[in-house]
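Peer 1: Numbering (the numbering used here), first residue to last: 113 to 238. Ideal Cβ placement from N, Cα and C applies to all residues, glycine included. Attaching a single structure in structure tokens format; questions to follow.
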């Protein structure tokens with residue numbers, strides 16, 4: 113991998129590693145936003161617990177995914193990409209926050225690109 117590709121890979125790794133960790137931690141503090149407002153009412157009706165508990169579970173998953181990106185970007189980036197697509201689909205189905213859904217799809221493409229870039233780097237070493 114050349115120096116430019118390595119730089120891009122590193123920037124993406126820390127972006128898709130740290131942002132999910134920060135967002136996940138914020139699910140417990142709501143400093144950035146009240147995350148429960150992003151919950152689909154239809155989904156919440158199916159859950160046996162509150163929106164706050166649900167967001168706590170989401171937060172734990174996001175923190176884990178971010179750590180996985182930092183430790184093993186080729187796998188973690190795919191997890192983050194899939195997670196972002198699921199979030200976007202949930203928002204689209206709910207009919208709310210469609211702008212956020214589009215943003216999440218774009219971020220999913222970036223995370224997927226990191227996974228592919230990491231795999232190219234691994235294959236060039238082997």
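1. Could you work out which residue in 118, 172, 152 and 230 is closest to residue 187 when comparing CA atoms only?
2. Ends of the alpha helix (DSSP H) at residue 129?
3. Taking the Cβ atom as the reference point for each residue, do residue 178 and residue 144 lie within a distance shorter than 9 Å?
4. Is the beta carbon of residue 174 sitting closer than 9 Å to the one on residue 228?
5. Measure the alpha-carbon distance for residue 203 versus residue 159 and round it to whole angstroms.
6. By alpha-carbon positions, which one of 149, 113, 121 and 120 ends up nearest to residue 206?
Peer 2: Let me spell this out:
1. Residue numbering aside, residue 187 sits at position 75 when the chain shown is read from its first letter. When C-alpha distances from residue 187 are compared across 118, 172, 152 and 230, the shortest belongs to 230.
2. Translated into positions along the chain shown, residue 129 becomes position 17. For residue 129, the enclosing alpha helix (DSSP H) starts and ends at 115-141.
3. Here residue 178 refers to the residue found at position 66 when the chain shown is read from its first residue. Here residue 144 refers to the residue found at position 32 when the chain shown is read from its first residue. Contact: no.
4. To locate residue 174, count along the chain shown from 1; it is residue 62. To locate residue 228, count along the chain shown from 1; it is residue 116. Not a contact, by the Cβ cut-off of 9 Å.
5. Indexing the chain shown from 1 puts residue 203 at position 91. Indexing the chain shown from 1 puts residue 159 at position 47. Taking the straight line from one Cα to the other gives about 17 Å.
6. Taking the chain shown and counting its residues from 1, the one referred to as residue 206 is at position 94. With distances taken between Cα atoms, residue 206 lies closest to 149.
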